[in-house]
Amino acid sequence: MSTRLSGFLGWAAAAALACSLAGCQATDGPTARYEAPGVPVALDTLEGAPEAVKTRVSAEISTQATARRIELVDSQAQPRYRLKGYLTAYPTETGDTTLAVVWDVFDAANKRQQRVTTTTVAKGQGDDPWSRIGETQIAKATSQSMNQVAAFLAGQTPGAGPATASLEPAKALGFAAGE
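Residues 1 to 179 in full-length UniProt numbering are what the sequence shown lists, from first letter to last.
(1) Less than 8 Å between the CB atoms is what I'm expecting for residue 113 and residue 102, so what's the real figure, rounded?
(2) State the CB to CB distance for the pair residue 57 and residue 49, rounded to an integer number of angstroms; the pair is presumed to be in contact (CB under 8 Å).
(3) Might you give, ordered along the chain, the residues of its own chain that have their beta carbon closer than 6 Å to the beta carbon of residue 79, omitting 5 neighbours on each side?
(4) CB-CB under 8 Å to residue 130, same chain, minus the five flanking residues each way: which ones, in chain order?
(5) So is residue 97 buried or exposed if we call it buried at 16+ other beta carbons inside 10 Å?
(6) Let me know if residue 125 comes out buried or exposed under the rule of 16 or more other beta-carbons within 10 Å of its beta-carbon.
(7) Using DSSP bridges, identify the partner residues of residue 103.
(8) In its own chain, which residues sit with a C-beta less than 6 Å from the C-beta of residue 47, not counting the 5 before and 5 after it?
(9) When you compare each of 136, 83, 109, 127 to residue 120 by their alpha carbons, which one comes out closest?
(10) Tell me whether residue 129 sits in a helix, a strand or coil according to DSSP, three-state version.
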C-alpha cells in the first residue's frame, strides 16, 4: 500500500471515529428554538400540581409561548389547538426530585395530535417533592416543552433544524445536558 493511500485511510479512520464519538458528548452549543407565529392555542387544563405551582407554570408558559410567537387565546375563542397539561414531582433513586411535564395537543375536533413530555431534576432532598421544585426547574421544563409544542405547530420535528433562525444555548433549556 502506498504511503499516500495509507495516510488517507488513517485520516479517514480517525475522522470516522471522531464523528461517532461526537454523538456521545453533551454540547453547550446552540439548540434550535422553534416559533409558530399566528397559531391560536388555548391552555385548557393544567393538572397534578398544587395551585401555587400551577400558577407559576401558567405564567412561565405565557412567557415561553410569547417568546416562540405562539398566540395564546381564551378557550372560547375557537383556537386551532388546545393544550392539556399534567405535572408531577417525584423523588429519584438518588434522593433528588424530578419534575415531569406532559402536554397533550388537541385539535379543534378534540383529537389528540401530539404529546410532549419533558423532565428536569431538582437537587436536594425534602419530604414534599413539590417543595423542591423552583423557578429554575419550571423555566427549564416550560422552555423545553413549549419549544416542542412550537415545533409541532410549525410542522417541524425537534432536532431536524430550526423553523426560524432563532437559536439559544442548550444550557438555557437544560435538558440537552441531562440536567
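The beta carbon of each residue, even a glycine, is placed where N, CA and C say it ideally should be. Everything numeric in this text was worked out from a predicted model, so none of it was measured.
On the basis of the data shown:
(1) That belief does not hold up - the Cβ atoms of residue 113 and residue 102 are roughly 14 Å apart, past 8 Å.
(2) 7 Å
(3) 40, 41, 42, 73
(4) 49, 50, 53, 89
(5) buried
(6) So residue 125 counts as exposed.
(7) 85, 116
(8) 86
(9) 136
(10) helix
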